[in-house]
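A short write-up of the structure that comes next.
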């Protein structure tokens with residue numbers, strides 16, 4: 460039986476289940492590959508000015524978001540680091556992708572306003588989550604409505620970008636891509652904002668519980684036994 464003093468614990472003092480303290484896992488490697496594809500996206504967008512290829516890569520990175528999570532659960536490789544690494548990469552991918560698309564100044568009505576709302580939401584939420592974790596909050600799981608919003612955004616923005624490719628100018632494909640983009644963007648924004656406002660009370664609760672766990676550990680009492 461493991462000595463309580465040698466158990467691995469998170470920032471809030473919560474006990475990390477045995478085996479979940481690993482870093483070198485297949486799911487984490489997949490997430491790392493997705494992270495390393497961000498510079499390729501930037502190169503396609505600004506270096507080659509190939510909007511269609513950049514849009515396809517961004518869409519592929521968004522569509523494969525489920526792969527690392529599936530591999531982790533299917534092969535028993537869930538890790539505490541992966542639970543934080545995956546959503547962090549997802550958020551970074553979205554922020555970099557959206558800002559990159561904004562910088563190419565797509566000539567689409569209301570696009571810039573929509574994009575600014577999404578970027579501000581992502582930045583504020585990222586700062587809030589990072590701040591609470593550093594202060595000792597328990598890790599907050601991504602909500603279902605938040606996942607829906609992220610999936611919709613990762614459909615909308617690649618579609619917006621692809622529609623601006625010069626090879627599609629004036630074609631029915633361009634119109635179809637814009638329809639797809641707005642049909643995903645509007646419900647995606649609604650879901651994202653619902654999740655956004657839901658994170659703040661959850662963050663306060665997670666911070667309170669995390670600090671309570673650390674206080675119990677400081678007194679030598681097990682947080683598990685105190686519940």
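Residue numbers (the numbering used here): 460 to 686.
Don't be surprised by glycine CBs; every beta carbon is placed ideally from N, CA and C.
In this text the structure is predicted, and so the values were computed from the model without any measurement.
Tell me whether residue i sits in a helix, a strand or coil according to DSSP, three-state version.
{"i": "residue 545", "result": "helix"}
{"i": "residue 599", "result": "coil"}
{"i": "residue 496", "result": "coil"}
{"i": "residue 563", "result": "coil"}
{"i": "residue 538", "result": "coil"}
{"i": "residue 464", "result": "Summary for residue 464: the model assigns pLDDT 46, below 50, so the residue's position carries little reliability, and this model does not support an answer."}
{"i": "residue 637", "result": "helix"}
{"i": "residue 413", "result": "Nothing about residue 413 can be read from this structure; the chain reaches only from 460 to 686."}
{"i": "residue 490", "result": "helix"}
{"i": "residue 482", "result": "coil"}
{"i": "residue 609", "result": "helix"}
Mind checking which residues open and close the alpha helix (DSSP H) that includes residue i?
{"i": "residue 575", "result": "570 to 593"}
{"i": "residue 623", "result": "Unbroken run through residue 623: none, as it is neither H nor E."}
{"i": "residue 502", "result": "That residue, residue 502, is in no alpha helix (DSSP H); it is neither H nor E in DSSP."}
{"i": "residue 629", "result": "It is not in any alpha helix (DSSP H) - residue 629 carries neither H nor E in the DSSP assignment."}
{"i": "residue 521", "result": "510 to 522"}
Work out the CA separation of residue j and residue i for me, nearest whole Å.
{"i": "residue 487", "j": "residue 545", "result": "8 Å"}
{"i": "residue 558", "j": "residue 531", "result": "30 Å"}
{"i": "residue 614", "j": "residue 482", "result": "30 Å"}
{"i": "residue 516", "j": "residue 631", "result": "22 Å"}
{"i": "residue 621", "j": "residue 641", "result": "13 Å"}
{"i": "residue 618", "j": "residue 611", "result": "11 Å"}
{"i": "residue 648", "j": "residue 678", "result": "45 Å"}
{"i": "residue 550", "j": "residue 494", "result": "11 Å"}
{"i": "residue 673", "j": "residue 528", "result": "29 Å"}
{"i": "residue 506", "j": "residue 498", "result": "11 Å"}
{"i": "residue 501", "j": "residue 676", "result": "45 Å"}
Given that a residue counts as buried once 16 or more other Cβ atoms are within 10 Å of its Cβ, and exposed if not, what is residue i?
{"i": "residue 570", "result": "buried"}
{"i": "residue 635", "result": "exposed"}
{"i": "residue 663", "result": "exposed"}
{"i": "residue 534", "result": "exposed"}
{"i": "residue 508", "result": "exposed"}
{"i": "residue 600", "result": "exposed"}
{"i": "residue 590", "result": "exposed"}
{"i": "residue 560", "result": "buried"}
{"i": "residue 503", "result": "buried"}
{"i": "residue 624", "result": "buried"}
Hey, residue i and residue j are a contact pair by Cβ (cut 8 Å); roughly how many whole angstroms apart?
{"i": "residue 597", "j": "residue 668", "result": "5 Å"}
{"i": "residue 592", "j": "residue 654", "result": "Actually they do not touch by this definition, with Cβ atoms about 17 Å apart."}
{"i": "residue 490", "j": "residue 537", "result": "Incorrect: roughly 13 Å between the Cβ atoms, too far for contact."}
{"i": "residue 572", "j": "residue 666", "result": "About 33 Å; that fails the 8 Å criterion."}
{"i": "residue 584", "j": "residue 658", "result": "6 Å"}
{"i": "residue 651", "j": "residue 511", "result": "Going by Cβ atoms, the distance from residue 651 to residue 511 rounds to 26 Å, so no, they are not a contact pair."}
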